[in-house]
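Since the structure comes first, as structure tokens, the remarks are kept for the end.
Protein chains: 2
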Amino acid sequence: MTTPDDATRTLADPTPDAAADLVERGIETGALVTLFGRCRVDYDGRATSTLGSGDRHVMLKPDGAALVHTDEGQQPVNWQPPGCEHSVRVAEGDLVVESERSTPEEELVVTFESVAHAAAFDVTDASDLSLSGTEADLRERILDDPDLVEPSFTPLATERTTPAGAVDIYGEDDDGRTVVVELKRRRVGPDAVGQLDRYVDALARDLHDDAELRGILVAPSVTDRARELLAQKGLEFVSLSPPEA
Amino acid sequence: MTTPDDATRTLADPTPDAAADLVERGIETGALVTLFGRCRVDYDGRATSTLGSGDRHVMLKPDGAALVHTDEGQQPVNWQPPGCEHSVRVAEGDLVVESERSTPEEELVVTFESVAHAAAFDVTDASDLSLSGTEADLRERILDDPDLVEPSFTPLATERTTPAGAVDIYGEDDDGRTVVVELKRRRVGPDAVGQLDRYVDALARDLHDDAELRGILVAPSVTDRARELLAQKGLEFVSLSPPEA
DNA sequence: AGTTGCATCTCGAGC
DNA sequence: GCTCGAGGTGCAACT
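Taken in sequence, the protein lines are chains V and W.
Counted the way my numbering counts, the first sequence spans residues 30 to 274.
Counted the way my numbering counts, the second sequence spans residues 30 to 274.
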């Protein structure tokens, strides 16, 4: 049985040894561990980074993820992805937290000069996020009412594979011409045009049917440059957004 | 003057009112505020999401960022970017934390059934991250020793603008032919080929000099599909990684 | 404020 | 495990 005191363990201004004990136990018991204090951070792996002394918030997740947050930005200043092994030790009087993995080999080391706060939380979370307004929702909107692309458009397949990748919607128009539709949930730039162009090009080679092939980019809007590229490549644009709800 | 007690304020199993006071004061004083407890999360803005009851860690940063973390994943399950206005209130006995912004209009609401922990940390962090192994480092490596691309390659400009965007390195080869170099710090797929192709294409139109134009993708490696696309487009590949240090 | 492309992108799906 | 593309991508640089 878990009482509130068991579920959450916290320490204010702990000694390095006391903090290490809490973190160690937290890692072992699958808790979500947080630390706040003055620290340095070193990372080596896909890239290499160093960060001098400053106050940061460190989170160690039971799935192996590690996050180091400063007072600014949505993104952690340093991190380690899920699947890592966390460990903690005291070295030369400093609390040292490490998180490492292989494939690729990479390691994160946080060295605390001082720890202002340490906590371990037992987490129970069975809920899944329900998200709407995605590209998948836009696809459903079109499959429900293909005329939104153009009158008499007929979807034949989704995620149809081509030598260049999977086409969002593959179908044909009123005149029986093959249509490749690329969907984007938001305003698009040149990259999306390049993507559609790759698919159309690949399918043209596959079908030996270049003249009868159309490519349509469906998105809320396009940038100027994207519009120019569409024109250059002979591709089309239809303005459509994901459903509100 | 700031004592350790001033710098860090924490509450265990606080009442909603006590937690609200701490959060309110933390927001006002520019502290980094964290909460842990059972909550629901609702977001509406660029998309829409709901998340049922579960134990999560919430961080409110003084720059206006908000993060909601579950026990899994490197990414927050919900968030709000920097620049938002945080607010807190007690409604029907629940602690409710809100974070909102305009342009685009979006709002995050976290409703706590129970709060296990609340904390406010005063943050001092003057250090900047030093990162190496980036695309910029790869570019420097080539500018230092252009022969790494090919013997007698001569860089003429970086970030040269074309109608399709900026070229990483623009130069010429031994025979005076124009060379467009696209850099990637890691293994690349079809998207990078499309990008290089766009630049070469745009520059060809600009220079009216199609035959003498070469495109070289410089990266550690390429996927099979990317290699096929390179061949189709008449583009080249040179294997090179960012420097180790 | 809008555009463009990088990122230790992360994440999920498919293979 | 790798590949590929979406993402409420975030983020900086530039216009």
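Ideal Cβ positions, reconstructed from N, Cα and C, are used throughout, including at glycine.
Remark: C-beta atoms of V:V138 and V:V52 do not approach each other more closely than 8 Å.
For the options V:R75, V:C68, V:T58, V:P192, the alpha carbon positioned closest to that of V:G122 is the one of V:C68. Less than 8 Å divides the Cβ of V:Y228 from the Cβ of V:G194. For the C-beta of V:P110, the chain W residues within less than 8 Å are, from N- to C-terminus, Q103. Fewer than three beta-carbon pairs drawn from the region 81–95 of chain V and the region 161–172 of chain W are found closer than 8 Å, and the two stretches are therefore not classed as touching. Contact annotation, W:S78 with V:A76: C-beta distance approximately 31 Å; criterion of less than 8 Å not satisfied. Taking a C-beta cut-off of 7 Å against chain W, the contacting residues of the region 145–176 of chain V are A145, H146, A148, F150, V152, T153, D154, A155, S156, L158, S159, L160, S161, G162, T163, listed in chain order.
In the DSSP assignment, W:P184 falls within the unbroken beta strand (DSSP E) covering 183–191.
The beta carbon of V:V251 sits no closer than 8 Å to any beta carbon of chain W. For W:V70, same chain residues with a beta-carbon under 6 Å away, outside a window of 5 residues either side, are L80, V97, N107, V139 in chain order.
For W:G244, the closest alpha carbon among the candidates W:S181, W:C113, W:D230, W:S156 is that of W:D230. For V:P219, a Cβ of chain W is located within less than 8 Å of the residue's own Cβ. Annotation for V:E57: the continuous alpha helix (DSSP H) segment containing it runs 45–57. Around W:F65, the beta-carbon contacts reaching into chain V at under 9 Å are T37, L61, T63, A148, F150, V152.
A distance below 8 Å between beta-carbons, with the five flanking residues on each side excluded, links W:L212 to the following residues of its chain, in chain order: E164, L167, R168, I171, D197, I198, V247, A248. Neighbours of W:K90 in chain V, taken as residues at a C-beta separation under 7 Å, are given in chain order as D100, E101. Remark: fewer than three beta-carbon pairs, one from each stretch, lie closer than 8 Å, so the region 58–68 of chain W and the region 201–209 of chain V are not flagged as touching.
None of the residues of the region 199–211 of chain V has a beta carbon lying less than 8 Å from any beta carbon of chain W. Taking the Cα of V:K262 as reference, the smallest distance to any Cα among W:L185, W:G223, W:S159, W:D253 is reached at W:G223.
In this structure the region 141–160 of chain W touches the region 37–48 of chain W; the number of beta carbon pairs closer than 8 Å is three or more. Rounded to whole angstroms, W:V178 and W:A274 show a C-alpha spacing of 20 Å. Using beta-carbon distances, V:S128 does not count as an interface residue toward chain W, since no partner is under 8 Å. Nearest in C-alpha terms to V:V152, of all of W:F182, W:D100, W:D151, W:R189, is W:D100. The CB of W:V106 comes closer than 8 Å to the CB of L158 in chain V, given here in chain order. In this structure, W:D202 sits near W:F182, with a CB-CB distance shorter than 8 Å. In terms of Cβ geometry, V:Q109 and V:A95 form a close pair [threshold 8 Å].
With respect to chain W, the C-beta atom of V:R216 has no partner C-beta closer than 8 Å. Shown here for V:D73: same chain residues with a beta carbon closer than 8 Å to its own, the five before and five after excluded, namely E135, E136 in chain order. Taking a C-beta distance under 8 Å as the contact criterion, V:P184 and V:P175 qualify as a contact pair. Taking the CA atoms as reference points, V:R118 sits about 37 Å from W:V117.
For W:L258, the residues of chain V that pass the 8 Å Cβ criterion are A193, R227, in the order they occur in the chain. Sequence-ordered contacts of the region 72–91 of chain V with chain W read R75, A76, T77, S78, T79, L80, G81, S82, G83, D84, R85, H86, M88, K90, P91 [C-beta pairs closer than 8 Å]. In chain order, A195, V196, Y199 place their CB closer than 7 Å to the CB of W:R189, counting only its own chain and leaving out the 5 sequence neighbours on each side. Distances from the alpha-carbon of W:T252 to those of W:A240, W:E241, W:S268 put W:S268 closest. At a cut-off of 8 Å, the C-beta of V:G223 has a neighbouring C-beta in chain W. In the three-state scheme derived from DSSP, where H, G and I count as helix and E and B as strand, V:V70 is classed as strand.
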